[in-house]
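S.K.: Sequence positions in the sequence shown follow the UniProt record's numbering and run 1 to 501.
From the three backbone atoms N, C-alpha and C, an ideal C-beta is built for every residue, glycine too.
My questions will all concern the structure given below.
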Amino acid sequence: MTTTPTRITHLLNGVPWEGTAERTSPVFNPATGEQTGELDLASAALVDEVVTHAHEAWASGWGSISLAKRTQVLFRFRELLNERKEDIAALITAEHGKVLSDALGEVTRGLEVAEFACGIPHLMKGGFTENASTKVDVYSIRQSLGVVAVISPFNFPAMVPLWFVPVAIACGNAVVIKPSEKDPSAVNAVAELWTEAGLPDGILSVVHGDKEAVDAFLTHPQVKAVSFVGSTPIAKYVYETGTAHGKRVQALGGAKNHMLVLPDADLDLAADAAVNAGFGSAGERCMAISALLAVDTIADELIEKIKDRVGKLVTGDGTRGCDMGPLVTAQHRDKVTSYLDAGTQAGATLVIDGREGDVDADADGYFLKPTLFDHVTTDMSIYQDEIFGPVLSVLRVKTYDEALALINANPYGNGTAIFTNDGGAARRFQNEVEVGMIGVNVPIPVPMAYYSFGGWKNSLFGDTHAHGMEGVHFFTRGKVVTSRWLDPSHGGLELGFPQNV
Ligand code: NAD
1 MTTTPTRITH LLNGVPWEGT AERTSPVFNP ATGEQTGELD LASAALVDEV
51 VTHAHEAWAS GWGSISLAKR TQVLFRFREL LNERKEDIAA LITAEHGKVL
101 SDALGEVTRG LEVAEFACGI PHLMKGGFTE NASTKVDVYS IRQSLGVVAV
151 ISPFNFPAMV PLWFVPVAIA CGNAVVIKPS EKDPSAVNAV AELWTEAGLP
201 DGILSVVHGD KEAVDAFLTH PQVKAVSFVG STPIAKYVYE TGTAHGKRVQ
251 ALGGAKNHML VLPDADLDLA ADAAVNAGFG SAGERCMAIS ALLAVDTIAD
301 ELIEKIKDRV GKLVTGDGTR GCDMGPLVTA QHRDKVTSYL DAGTQAGATL
351 VIDGREGDVD ADADGYFLKP TLFDHVTTDM SIYQDEIFGP VLSVLRVKTY
401 DEALALINAN PYGNGTAIFT NDGGAARRFQ NEVEVGMIGV NVPIPVPMAY
451 YSFGGWKNSL FGDTHAHGME GVHFFTRGKV VTSRWLDPSH GGLELGFPQN
501 V
């Protein structure tokens, strides 16, 4: 049975846009292949209208409203998100495809950023130095920027916007979000909660769109900052274009994450971790493990353990209690599948072929089951490219040093993990590896909200990571005040450069 696709549109001031879009884009349920939505795509003119309105809303008070009042909205938002997290998770599964438990996990990690932002009065405290010079005090304050744009990828439709939006709003900014065109509904649902929580009109808007909308944000004079997450080529483009237009930009890009297993590791723990981090969310995580570096002496045993575990996984419709869902679109599934032939042709051993076997779903879903390659080498495209699917490659190494050199030579530096029972080796690894987020016997080391999330090298353009204190810093600008009160004898006329006395 086919249903008529629902119109999905921009959310301005908490209400759906009533205009008519010149361009639209289809939204699918990846588990069934059915088109469920038709998404309005914004023109540059609409982006201009929304940004102008957001700027007016910011200028008329949110940036200068008391922290007590801002915090009340944040606490209410936190409560509403917690109450509705199952509904948001269902929307994610329906458009992204990830299984419900995974979708709920994503919302929960986003919720933690809202909880962090509730502490904004503490986080925005400045410094104060009494008597820096005689009867002269110096203090620092941080103020909001104005309008900031958040441009997010398909793979975490709720969590990635939540990395930025609560912190940006808590810092006193107005925010416009441009979600991925592939799974836009979760963001609309979360934005409605902000309105319900009492956020004033214009402080948060959702504008759907593609390159035209993104370019309009990157060049708009009233957009002061851009937080972007997506693939490396687009992240680089966003960083270069946004900064060329005078904005501060943090642009988080793609990844190729390595997991190193040393011979003394607990191999059951390592096998669980490799399967969870390799195939969770069908490998469509920027922190997914896609390259497993196994020291030769334990590689065969580890691969056997991984095979056992993969054999027990059920792939299928994310609403049916399966372990792994479909890929996001038919095109992406086909692209990921093409790497199975590429890997075999390049000489890798296809240990588990994800094209074989049944799935628990409709035939038209975009499925590829977990795939495992062995004897992968660094010259192969299955190693070099970010496949972003359920394809795990084993590279055999002889030593720790060989593994470290291999990881550090990779152009990406998002996440990595080491599995070992040797504290000294782990400590060396965390010190020597050129990667932003590191797990020690932890496969997906996504930092807590009160730390910051971000990679190195081609995994992040800009110098500021997401959320934590780096987020507060990104969404504010500093002022330092030097003041003198109650001192009539200020020294009289003196044109020399002031010296502290
Ligand atoms: P993508 O780069 O295709 O899209 C990201 C955003 O950019 C979307 O909102 C999209 O509409 C927009 N966009 C796409 N093409 C554009 C263009 N030519 N000009 C301007 N804007 C454009 O990424 P995706 O496929 O949605 O997401 C997957 C990618 O995101 C992967 O590479 C993954 O590693 C990465 N990612 C990184 C992190 C991180 O923290 N580093 C987190 C999540 C995802």
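Let me make sure I understand the geometry here. Which of 136, 108 and 90 has the alpha-carbon closest to that of residue 484?
M.R.: By one-based count along the sequence shown, residue 484 stands at place 484. The residue with the shortest Cα to Cα distance from residue 484 is 136.
S.K.: Is any heavy atom of the ligand NAD found at a distance shorter than 7 Å from the C-beta of residue 152?
M.R.: If you number the sequence shown from 1, residue 152 lands on position 152. Yes.
S.K.: Just reading off the beta strand (DSSP E) that residue 26 is part of, what are its end residues?
M.R.: Residue 26 sits at position 26 when you count from the first residue of the sequence shown. Residue 26 -> beta strand (DSSP E) spans 23 to 29.
S.K.: Take the Cβ of residue 480 as the centre, count every other Cβ of all protein chains shown within 10 Å, and call the residue buried at 16 or more, exposed below.
M.R.: Your numbering for residue 480 matches position 480 in the sequence shown. Classification of residue 480: exposed, given that the 10 Å Cβ count is below 16.
S.K.: Taking 7 Å as the cut-off, does the CB of residue 255 come closer than this to any heavy atom belonging to the ligand NAD?
M.R.: Counting from one through the sequence shown, the residue named residue 255 turns up at place 255. Within the cutoff, so yes.
S.K.: Note down the Cα distance separating residue 152 from residue 134, rounded to an integer number of angstroms.
M.R.: Your numbering for residue 152 matches position 152 in the sequence shown. Your numbering for residue 134 matches position 134 in the sequence shown. Distance between the alpha carbons of residue 152 and residue 134 is about 50 Å.
S.K.: Starting from residue 431, trace the alpha helix (DSSP H) both ways and give me its first and last residue.
M.R.: Numbered from its first residue, the sequence shown carries residue 431 at position 431. Residues 423 to 432.
S.K.: Determine the direct distance from the alpha carbon of residue 142 to that of residue 292, and round the result to whole angstroms.
M.R.: For the purposes of this step, residue 292 is identified with residue 292 of the sequence shown, where counting begins at 1. For the purposes of this step, residue 142 is identified with residue 142 of the sequence shown, where counting begins at 1. Computed Cα separation, rounded: 44 Å.
S.K.: What is the DSSP secondary structure of residue 154, counted as helix, strand or coil?
M.R.: By 1-based counting over the sequence shown, the position of residue 154 is 154. DSSP places residue 154 in coil when its eight states are reduced to three.
S.K.: Entirely within the region 358 to 402 and at least 3 residues each: give me those beta strand (DSSP E) ranges in chain order.
M.R.: Correct list: 371 to 374 and 391 to 397.
S.K.: Would you call residue 410 buried or exposed, if buried means 16 or more other Cβ atoms sit within 10 Å of its Cβ?
M.R.: The residue labelled residue 410 in the question sits at position 410 within the sequence shown. With 16 or more other Cβ atoms within 10 Å, it is buried.
S.K.: Just list the residues that DSSP pairs residue 225 with in beta bridges.
M.R.: By one-based count along the sequence shown, residue 225 stands at place 225. Answer by DSSP bridge pairing, in chain order: 148 and 248.
S.K.: Is the separation between the beta-carbon of residue 419 and that of residue 262 shorter than 8 Å?
M.R.: Your numbering for residue 419 matches position 419 in the sequence shown. Your numbering for residue 262 matches position 262 in the sequence shown. Their beta carbons are under 8 Å apart, which means residue 419 touches residue 262 by this criterion.
S.K.: Report the rounded CA-to-CA distance for residue 229 versus residue 176, giving the unit in angstroms.
M.R.: Here residue 229 refers to the residue found at position 229 when the sequence shown is read from its first residue. Here residue 176 refers to the residue found at position 176 when the sequence shown is read from its first residue. So the alpha carbons of these two residues sit roughly 14 Å apart.
S.K.: Determine which residues share a DSSP beta bridge with residue 483 and list them.
M.R.: The residue labelled residue 483 in the question sits at position 483 within the sequence shown. Per DSSP, 137.
S.K.: Checking 8 Å against the spacing of the C-beta atoms, do residue 502 and residue 31 come in under that value?
M.R.: The question about residue 502 has no answer, for the chain in this structure spans 1 to 501.
S.K.: I need the boundaries of the beta strand (DSSP E) containing residue 174, first residue and last residue.
M.R.: Numbered from its first residue, the sequence shown carries residue 174 at position 174. Counting along the chain, the beta strand (DSSP E) containing residue 174 begins and ends at 174 to 178.
S.K.: Can you tell which of 390, 355, 408 and 363 has the C-alpha that lies nearest to the C-alpha of residue 378?
M.R.: Counting from one through the sequence shown, the residue named residue 378 turns up at place 378. Closest by alpha carbon: 408.
S.K.: Which residues share a DSSP beta bridge with residue 258?
M.R.: Here residue 258 is taken as the residue at index 258 of the sequence shown, counted from 1. 291 and 416, per the DSSP bridge assignment.
S.K.: Any idea if residue 122 is buried or exposed, counting beta-carbon neighbours within 10 angstroms, 16 or more meaning buried?
M.R.: Position 122 of the sequence shown, counting from 1, holds the residue named residue 122. With fewer than 16 Cβ atoms within 10 Å of its Cβ, residue 122 is classed as exposed.
S.K.: For residue 182 versus residue 329, is the C-beta spacing smaller than 8 Å?
M.R.: The sequence position of residue 182 within the sequence shown is 182, counting from 1. The sequence position of residue 329 within the sequence shown is 329, counting from 1. In contact: residue 182 and residue 329 (Cβ atoms closer than 8 Å).
S.K.: Applying the 10 Å Cβ sphere with the 16-neighbour rule, what's the burial state of residue 494?
M.R.: Translated into the one-based positions of the sequence shown, residue 494 becomes position 494. Burial call: exposed.
S.K.: Check whether the Cβ atoms of residue 178 and residue 209 sit closer than 8 Å, and answer yes or no.
M.R.: What you label residue 178 is simply residue 178 of the sequence shown in a count that begins at 1. What you label residue 209 is simply residue 209 of the sequence shown in a count that begins at 1. Their beta carbons are under 8 Å apart, which means residue 178 touches residue 209 by this criterion.
S.K.: Between which residues of its own chain and residue 357 is the CB-CB distance below 7 Å, once the five residues before and five after are set aside?
M.R.: For this step, residue 357 is matched to residue 357 along the sequence shown. If we look at residue 357 and ignore the five residues flanking it on each side, its Cβ neighbours are 369.
S.K.: Which residues in the same chain as residue 339 place their Cβ atom closer than 8 Å to its Cβ, once the five residues preceding and following it in sequence are excluded?
M.R.: Position 339 of the sequence shown, counting from 1, holds the residue named residue 339. Contacts found: 381, 382, 385, 387, 389 and 391.
S.K.: Could you compute how far the alpha carbon of residue 348 sits from the alpha carbon of residue 15?
M.R.: Counted from its first residue, the sequence shown places residue 348 at position 348. Counted from its first residue, the sequence shown places residue 15 at position 15. Spanning the two alpha carbons is a distance of roughly 53 Å.
S.K.: Is the distance from the Cβ of residue 81 to the Cβ of residue 206 below 8 Å?
M.R.: Your numbering for residue 81 matches position 81 in the sequence shown. Your numbering for residue 206 matches position 206 in the sequence shown. Not in contact: residue 81 and residue 206 (Cβ atoms no closer than 8 Å).
S.K.: Measuring alpha carbon to alpha carbon, tell me which residue in 215, 374 and 144 is nearest residue 472.
M.R.: For the purposes of this step, residue 472 is taken as the residue at position 472 of the sequence shown. Checked all of 215, 374 and 144; the closest Cα to residue 472 is 144.
S.K.: Apart from the five residues on each side of it in sequence, which residues of its chain come closer than 7 Å, Cβ to Cβ, to residue 197?
M.R.: Counting from 1 along the sequence shown, the entry for residue 197 is found at position 197. Result list for residue 197: 73, 76, 77 and 80, in chain order.
S.K.: Is it the case that the CB of residue 404 approaches a heavy atom of the ligand NAD more closely than 7 Å?
M.R.: Taking the sequence shown and counting its residues from 1, the one referred to as residue 404 is at position 404. No, Cβ of residue 404 sits at least 7 Å from all heavy atoms of the ligand NAD.
S.K.: Can residue 287 and residue 444 be called in contact, C-beta distance under 8 Å?
M.R.: As a working mapping, residue 287 is identified with position 287 in the sequence shown. As a working mapping, residue 444 is identified with position 444 in the sequence shown. Yes.
S.K.: Output the distance between the C-alpha atoms of residue 322 and residue 94, rounded to the nearest integer angstrom.
M.R.: Counted from its first residue, the sequence shown places residue 322 at position 322. Counted from its first residue, the sequence shown places residue 94 at position 94. So the alpha carbons of these two residues sit roughly 14 Å apart.
S.K.: Identify the continuous beta strand (DSSP E) that holds residue 34 and give its terminal residues.
M.R.: Your numbering for residue 34 matches position 34 in the sequence shown. Run containing residue 34: 34 to 41, per the beta strand (DSSP E) assignment.
S.K.: What's the gap between the Cα of residue 346 and the Cα of residue 70?
M.R.: Working through the sequence shown from its first residue, we reach residue 346 at position 346. Working through the sequence shown from its first residue, we reach residue 70 at position 70. Approximately 57 Å between the Cα atoms of the pair.
S.K.: Between the alpha carbons of residue 430 and residue 285, how many angstroms are there, rounded?
M.R.: Here residue 430 refers to the residue found at position 430 when the sequence shown is read from its first residue. Here residue 285 refers to the residue found at position 285 when the sequence shown is read from its first residue. One C-alpha to the other measures close to 22 Å.
S.K.: Using 10 angstroms around the beta-carbon of residue 308, count the other beta-carbons present and answer buried if the total reaches 16, otherwise exposed.
M.R.: For the purposes of this step, residue 308 is identified with residue 308 of the sequence shown, where counting begins at 1. It is exposed - the Cβ of residue 308 has fewer than 16 other Cβ atoms within 10 Å.
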